[in-house]
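Numbering-wise, the sequence shown is residues -19 to 78 according to the working numbering.
Remarks on the structure that follows.
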Amino acid sequence: MARDIPIPHPGTVLREEFLEPMGLSVYALAKAIEVPRSRVNDICRGRQGISANIALRLARFFDVDPQWFMNMQSRYDLGLAAEALADKLDRIQPRSAA
């Protein structure tokens, strides 16, 4: 169940696909969405995930669907869980249809 291509942290995507191409700093984004700079910095460095609160703010600022940010975080979290539970999941036998 090992994964060949790791799922990037949502903060990496935020930094590389939004901030850098738009020439935005962490400080500028934090100020625009009215959250502490440290929170945006922690997200961009992969130390914190994107909460519903942050997803709504980012979506409003970048004019995208907030579900996009939530889906990205969910995929990342599921990937981590699948990796951590790989051995246990391999031992679980699927229930066959009756």
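Glycine included, every Cβ here is placed at the ideal spot set by N, Cα and C.
Inter-residue spacing [alpha-carbon to alpha-carbon] between residue i and residue j
i: Leu60; j: Ile13; result: 28 Å
i: Phe41; j: Ile(-13); result: 24 Å
i: Arg17; j: Trp48; result: 22 Å
i: Ala35; j: Lys68; result: 32 Å
i: Asp70; j: Arg25; result: 32 Å
Residue closest to residue i, alpha-carbon to alpha-carbon, out of the options
i: Ile(-15); options: Tyr56, Arg71, Gln73 and Leu65; result: Tyr56
i: Glu(-3); options: Leu38, Arg27, Lys11 and Val15; result: Leu38
i: Ala10; options: Pro1, Arg27, Val20 and Cys24; result: Val20
i: Asn33; options: Arg25, Val15, Asp22 and Val44; result: Val15
DSSP-derived helix/strand/coil call for residue i
i: Ile72; result: coil
| field | Cβ contact check for the region 71 to 78 and the region 41 to 60: 3 or more pairs under 8 Å | value | no
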